[in-house]
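Chemist:
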Amino acid sequence: IKFSESKGSEITKNIILKPDIKELKTVKVVNKQTQLNNAQSVGIIDVASLPTVSMNFEAVLKTLPGVSTNNELSSQYSVRGGNFDENLIYVNDIEISRPILIRNGQQEGLSFINPDFVSSARFSAGGFNARYNDKLSSVLDVRYNKPDSNEYILTAGLMGISATAKKSFKNSHLLLGFRRKDNRNILATQDTRGSYRPSFNDLQALYQHNFSSKFSINTLLNFNSGSFRLVPESRETQFGTINTPIRLKVDYEGQEIDDYYTYGGAVTGLFNPNKDVSIKWINSYFEIAEREKFDIDGNYVFEEIDSDYGGGGFGPVRKNRGLGSYYSYARNSLNSTIASTELKVEQRVGKHDFTYGARFEQAKFVDKMNEYSYIDSAGYILPSSTNSFTFENAIFSNNNLKINSISAYLQDSYAISSKTDIQFGARVNYNDLSGEVLVSPRLLMLYRPEEYKLWRFTAGIYRQAPSYRSIRGLDGSLFLNQKAQRSYNVSAGYDVAFTGLGTRLKFTSEVYYKYADRMIPYTIDNVRIKYLATEIAKGHTYGADFSLGGELVKDLMSFFRVSFLSANQDVIGDSYVKRDANGQNQTIYPGYLKRPTDQRVNFSMFFQDRLFNSPTYKVHLNLLYGSRLPIGSPQIATYTDDFSIPAYRRIDIGFSNDFLDMQAVKKPQFLSKYFSSVVAYAEVFNLLNINNTVSYLWLKDVNNVSYGIPNYLTGRQLNFKLVFKLKGN
């Protein structure tokens, strides 16, 4: 702008700027370090919107490829034919342990992970690298938030409350969170009627202070308590076939009292001497105290109902099939103490990214078990001798055990070319229980033929050292000669991102094969794993996982996945005697049979949408399907497990409205002054009110015939909650 005026005069110019739009070249950011890991990211934003009964972060895992589920009350999960004990969980590189005594999902409270703290999470369904510990199935790696501003979150609903504070200081930050869960309304939808009094609490804090740009200390503290009280009154369950419906009626006396406490923490020192080296020293200590007490007497009657009754529904009783009683008693306690120290180093040398470290852990267990049950279907109990009675499932034990273990690992990641990366590592583990030196080599290769395509290949030997749960037999005694389980795993995967349905989509697929030449067989009752500690089995698992995800609606992710698997095992040396057609005894070796986790098909869909004319109103639909699971009577050998739990089918739906959404036409002035977000949720759990079976109660009639009465999970239930995010200062 050029002008010339005399000194001291005022000049006014009206200037109009014309827009000049220029499109910049696309910038592509590819995190190869994240790609060089056979794991997938977990959508953190989607966790808050997922309608779930458990209120735990792990609920989102049940929508991921390779994960099997048949229990909405539990945060436990099975991955590619493995059991619950074969999964690793890390929070900020700290390995997390779980209680052992819990026998059903309604006793489970809040898991360790606080969803409001999570900034990122990755999940591997197999083929994970050597930096993770020795387990057979999966890894969940969670990272907590490092806030750069203040934020406060308050959640209140019919099932509980939570409060979270995130504070950022000049050289430090603080996370503080409290959660409380009370799901008695959900539990009351089950067949067993009575007084449910669950109470679950979790208090967690994380503080990190940065002493300099190179050195900081991180402290994580946790106290978790769970209390479950049940005074059962009655139960009525209908089962059988359409032509022969049977009804079980039970009247109860007694109560159940369960308490679970976890407390402890970890201190982590982080040192970065230069841009190529990162050192972590992690020290953790956790105690888990578990108490289980129940004394319950049930008087039951079997009734065959007239299915031809014309009045609609089931008619009057056609005949009485028998009556009886069963009694369950337990006074169990288990105290676990787990202390560890671990050094982790990440170092870049030229084109190589090295990761190495060592860990020492000491675990102590004090276990007291006094448990038994019996069934009386004839009106009296016969003693096994003139002076004593024999109870079923009797366990009387008193165990003290200490296990020391030391492990080390080394891993190298290297780019062979611009399209090919390779990662090779190995773990070495020793524990004084089995006395074995376990070596586990692991390999990962990635190939990117094109920009949005990725091929993956993994191979490795995975071992799992004996744990306290696996060496404890059905009678409570410890089998101290148990050796580590071993599995040889290979997998191949293909990922591709493409444009479809008007948006960017990502398709992920993986096929895998696992052969185990040493396994510890087990049975599963609800969520309780019972190891056959003195037995050894071999087995194989193979399958394929497929998933498709993307923003079908802007800013709302949706996922579809389907998984197929076959899991079989052969208990070495097992046999039984059977009479042939000529009346001669014949020894039968059953060979390979289905594993308890052989769930052939799993399908899940998490779909999100919004109203076109009112975009602040959203819908969140979660659909789960898991095919049948093999099971058998606890009184019969496992080779007769030709019975099965029916397929798990469940639909949960949630509706939400963010009053302060950016697309809101009118925002309440009072709310916008103090809050950055206010979201109201209305949820319907088990929308179709499907009776899903989680296990069976085995009872006998007067003719000593055993019946498997299904234990159904929760029915349809409404839930409401509000989530407030306050503006930070």
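The working numbering puts the first residue of the sequence shown at 536, with every later residue one more than the last.
Every residue gets a Cβ at the ideal spot worked out from N, C-alpha and C, and that includes glycine.
Only a predicted model underlies this, so the values are computations on that prediction, with no experimental measurement involved.
#1: Assess contact between the segment 671–679 and the segment 652–661, defined as three or more Cβ pairs (one per stretch) separated by less than 8 Å. Is contact present?
#2: With distances taken Cα to Cα, identify the nearest neighbour of A943 among R991, L979, K879, R1004.
#3: Is Y1183 near G1167, with beta carbons less than 8 Å apart?
#4: Just to confirm my understanding: we take P1265, look at its own chain, exclude 5 residues before and 5 after, and list those with CB closer than 7 Å. What are they?
#5: From the DSSP output, read off the bridge partner residues of E590.
#6: If you check the beta carbons only, do T772 and L783 fall under 8 Å apart?
#7: When DSSP labels each residue in this structure, what does N720 get in the three-state scheme?
#8: Let me check understanding here. Comparing Cα to Cα, which of L1232, K702, E985 lies closest to S863?
#9: By how many angstroms is the C-alpha of V836 removed from the C-alpha of Q1121?
#10: At the level of alpha carbons, what is the spacing between R1007 and Y1047?
#11: Going by beta carbon distance, what residues of the same chain come within less than 7 Å of N966, once the five residues before and after it are set aside?
#12: Name the DSSP bridge partner or partners of Q999?
#13: Grab me the residues of A950's own chain with a C-beta within less than 7 Å of its C-beta, minus the 5 sequence neighbours each way, in chain order.
#14: With 16 as the cutoff for other CB atoms within 10 Å, does R1251 come out buried or exposed?
#15: With DSSP as the reference, identify every bridge partner of Y1242, one or two as the case may be.
#16: Any C-beta of chain C sitting closer than 8 Å to the C-beta of Y1209?
#17: Tell me whether P554 sits in a helix, a strand or coil according to DSSP, three-state version.
#18: Below 8 Å on the Cβ atoms is my guess for I629 versus A801; work out the distance and round it to an integer in Å.
#19: If I measure Cβ to Cβ from N1061 and keep anything under 7 Å in the same chain, skipping five residues before and after, which residues do I get?
#20: DSSP has Q1121 in a bridge; who is on the other side?
#21: Tell me the rounded alpha-carbon separation between P1245 and F619.
#22: Can you check the segment 686–747 for any beta strand (DSSP E) of at least 3 residues that lies completely inside it and give the ranges in chain order?
#23: What number of angstroms, rounded off, separates the C-alpha of T569 from the C-alpha of Q1143?
#24: Can you find at least 3 beta carbon pairs, one from the segment 1021–1028 and one from the segment 688–698, that sit closer than 8 Å?
#25: What's the call for N1260, buried or exposed, on a 16-neighbour Cβ count within 10 Å?
#26: Taking contact to mean 3 or more Cβ pairs, one atom from each stretch, closer than 8 Å, check whether the segment 1012–1019 and the segment 985–994 are in contact.
#27: Please report how far the alpha carbon of E985 lies from the alpha carbon of N1221, in whole angstroms.
#28: I believe T1249 touches L711 by the beta-carbon criterion, under 8 Å. Please report the beta-carbon distance rounded to the nearest angstrom.
#29: Cβ of Y731 within 8 Å of Cβ of L765?
#30: Sorted by chain position, which residues of the same chain lie with C-beta nearer than 7 Å to S875's C-beta, five sequence neighbours on each side aside?
#31: Can you find at least 3 beta carbon pairs, one from the segment 1139–1155 and one from the segment 580–595, that sit closer than 8 Å?
#32: By Cβ distance below 7 Å, which residues in the same chain neighbour H744 in space, the five residues on each side in sequence not counted?
#33: Take F592 and list the residues in its own chain whose beta-carbon comes closer than 7 Å to its own, dropping the five residues that flank it on each side.
#34: Count the C-beta pairs between the segment 1081–1101 and the segment 1112–1126 that are closer than 8 Å, then say yes if the count reaches three, no if not.
#35: Go ahead and label A1215 buried or exposed: buried means 16 or more other beta carbons lie within 10 angstroms of its beta carbon, across all protein chains shown.
Modeler: Checking against the coordinates, here is how it stands:
#1: yes
#2: Residue numbering aside, residue 943 sits at position 408 when the sequence shown is read from its first letter. That would be K879, whose Cα lies nearest to the Cα of A943.
#3: In the sequence shown, the residue the question calls residue 1183 occupies position 648. In the sequence shown, the residue the question calls residue 1167 occupies position 632. No, they are not a contact pair.
#4: An answer regarding residue 1265 cannot be provided, because it is not within the stretch 536 to 1264 covered by the chain.
#5: Here residue 590 corresponds to residue number 55 of the sequence shown, with the count starting at 1. At residue 590 the sequence reads Met, which differs from the Glu that was named. None, per the DSSP bridge assignment.
#6: Within the sequence shown, numbered from 1, the residue matching residue 772 stands at position 237. Within the sequence shown, numbered from 1, the residue matching residue 783 stands at position 248. The answer is yes: Cβ separation under 8 Å.
#7: Within the sequence shown, numbered from 1, the residue matching residue 720 stands at position 185. In the structure shown, N720 sits in a helix (DSSP, three-state: H, G or I).
#8: Here residue 863 refers to the residue found at position 328 when the sequence shown is read from its first residue. Of the candidates L1232, K702, E985, the one whose C-alpha sits nearest the C-alpha of S863 is L1232.
#9: Residue 1121 sits at position 586 when you count from the first residue of the sequence shown. Residue 836 sits at position 301 when you count from the first residue of the sequence shown. If you take the alpha carbons of Q1121 and V836, they lie about 39 Å apart.
#10: Here the question's residue 1007 lines up with position 472 in the sequence shown. Here the question's residue 1047 lines up with position 512 in the sequence shown. So the two alpha carbons sit approximately 31 Å from each other.
#11: Position 431 of the sequence shown, counting from 1, holds the residue named residue 966. Cβ within range, chain order: I938, N939, S940, A1000.
#12: For the purposes of this step, residue 999 is taken as the residue at position 464 of the sequence shown. Answer is Q1020.
#13: On the sequence shown, position 415 is the one that residue 950 refers to. K886, D956.
#14: Position 716 of the sequence shown, counting from 1, holds the residue named residue 1251. With fewer than 16 Cβ atoms within 10 Å of its Cβ, R1251 is classed as exposed.
#15: Residue mapping note: residue 1242 aligns to position 707 of the sequence shown, counting from 1. Beta-bridge pairing links Y1242 to L1234.
#16: Absent from the structure: chain C. Only one protein chain is present.
#17: By one-based count along the sequence shown, residue 554 stands at place 19. Reduced to three states, the DSSP call for P554 is coil.
#18: On the sequence shown, residue 629 is found 94 positions in, with the first residue counted as 1. On the sequence shown, residue 801 is found 266 positions in, with the first residue counted as 1. Yes, I629 and A801 are in contact; Cβ-Cβ is about 5 Å, under 8 Å.
#19: Counting from one through the sequence shown, the residue named residue 1061 turns up at place 526. Result list for N1061: R638, N639, G640, V1229, S1230, in chain order.
#20: The residue labelled residue 1121 in the question sits at position 586 within the sequence shown. Partner(s): K1113.
#21: Position 710 of the sequence shown, counting from 1, holds the residue named residue 1245. Position 84 of the sequence shown, counting from 1, holds the residue named residue 619. Each residue's Cα considered, the two are about 22 Å apart.
#22: 686–692, 695–703, 707–716, 727–745
#23: In the sequence shown, residue 569 corresponds to position 34, counting from 1. In the sequence shown, residue 1143 corresponds to position 608, counting from 1. Note on T569: pLDDT 49, under 50, position unreliable in the model; no value is reported.
#24: no
#25: Reading the sequence shown from its first residue, position 725 is the one you call residue 1260. Rather than Asn, the amino acid found at residue 1260 in this sequence is Lys. The residue in question, K1260, is buried, as its Cβ has 16 or more Cβ neighbours within 10 Å.
#26: no
#27: The count along the sequence shown starts at 1 and reaches residue 985 at position 450. The count along the sequence shown starts at 1 and reaches residue 1221 at position 686. One C-alpha to the other measures close to 43 Å.
#28: If you number the sequence shown from 1, residue 1249 lands on position 714. If you number the sequence shown from 1, residue 711 lands on position 176. Going by Cβ atoms, the distance from T1249 to L711 rounds to 32 Å, so no, they are not a contact pair.
#29: Start at 1 with the first residue of the sequence shown, and residue 731 comes out as number 196. Start at 1 with the first residue of the sequence shown, and residue 765 comes out as number 230. Against a cut-off of 8 Å, the Cβ pair of L765 and Y731 comes out as a contact.
#30: Along the sequence shown, read from residue 1 onward, the residue named residue 875 stands at position 340. So the list reads S819, R894, F895, E896, once near-sequence residues are dropped.
#31: yes
#32: Here the question's residue 744 lines up with position 209 in the sequence shown. Contacts found: N706, S707, S751, I752.
#33: The residue given as residue 592 occupies position 57 in the sequence shown. Excluding residues within five positions, the ones whose Cβ falls inside 7 Å are V582, S646, I648, P650, V653.
#34: no
#35: Position 680 of the sequence shown, counting from 1, holds the residue named residue 1215. It is exposed - the Cβ of A1215 has fewer than 16 other Cβ atoms within 10 Å.
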